[in-house]
Amino acid sequence: MLLFSTLAVMAGMLFPSQTAINAKLAAGVGGPVVATTISFVAGLASLIVLLAITTRGAPDWAAIRQTPPWLLCAGGFLGAIYLSLNVFLVPRIGAGAMMALAIAGQMLAALTIDSAGLFGVAHHTISVGRAAGAVVVLLGALMVRFL
Numbered sequence: 001m002l003l004f005s006t007l008a009v010m011a012g013m014l015f016p017s018q019t020a021i022n023a024k025l026a027a028g029v030g031g032p033v034v035a036t037t038i039s040f041v042a043g044l045a046s047l048i049v050l051l052a053i054t055t056r057g058a059p060d061w062a063a064i065r066q067t068p069p070w071l072l073c074a075g076g077f078l079g080a081i082y083l084s085l086n087v088f089l090v091p092r093i094g095a096g097a098m099m100a101l102a103i104a105g106q107m108l109a110a111l112t113i114d115s116a117g118l119f120g121v122a123h124h125t126i127s128v129g130r131a132a133g134a135v136v137v138l139l140g141a142l143m144v145r146f147l
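As structure tokens, then:
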């Protein structure tokens, strides 16, 4: 469990770096959408290499064809919006405030997904402790932004 928690923290540390790098890129290439597009192309190239290294054989094309189109596209669509907004907001409110508020938003969405069992996620009731933790995250985000 400690390993997975450590990996989650390390993954989280990549977000502000990616956002700050893409904000710098946006300043030189014509805006956040252009920078996000470049980032996604580079990400696609990286994923192709990762897929080649970690996968044995071809993907299961039959299973992919049977997947609903919205499910195939939703992650990329939401990721493009998320990254574009990050790149747009970092120069305006700072990387710390952007990440703090984004994490607060992620926490609220995650609790909603858990409590409703959305997208096939196992149902987890929002306990008093979980709700209090979310409030602390939100208050912390507001402190980072406004104090």
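Using the UniProt record's numbering, count along the sequence shown one by one with no gaps and you end on 147. Positions of the beta carbon are idealized from the N, C-alpha and C atoms, including for glycine.
| Check | Outcome |
| --- | --- |
| What residues in its chain sit with their C-beta under 7 Å from that of T125, if we drop five residues either side in the sequence? | S115 |
| Distance cutoff 8 Å, beta carbons only. Does N86 sit that close to anything in chain B? | No chain B appears in this structure, which consists of one protein chain only. |
| Am I right that R145 and L101 are in contact with their C-beta atoms under 8 Å? What's the rounded C-beta distance? | 6 Å |
| Flag this pair as touching only if the stretch 129-147 and the stretch 89-103 have three or more C-beta atom pairs under 8 Å; answer yes or no. | yes |
| Applying the criterion that 16 or more other CB atoms from any shown protein chain within 10 Å of the CB defines a buried residue, is S17 buried or exposed? | exposed |
| Going straight from the alpha carbon of V33 to that of L118, what length do you get? | 29 Å |
| Using the Cα positions of S84 and A35, report the straight-line distance between them to the nearest angstrom. | 8 Å |
| So what does DSSP say about L147, is it helix, strand or coil? | coil |
| Quick one: is T6 buried, meaning 16 or more other Cβ sit within 10 Å of its Cβ, or exposed? | exposed |
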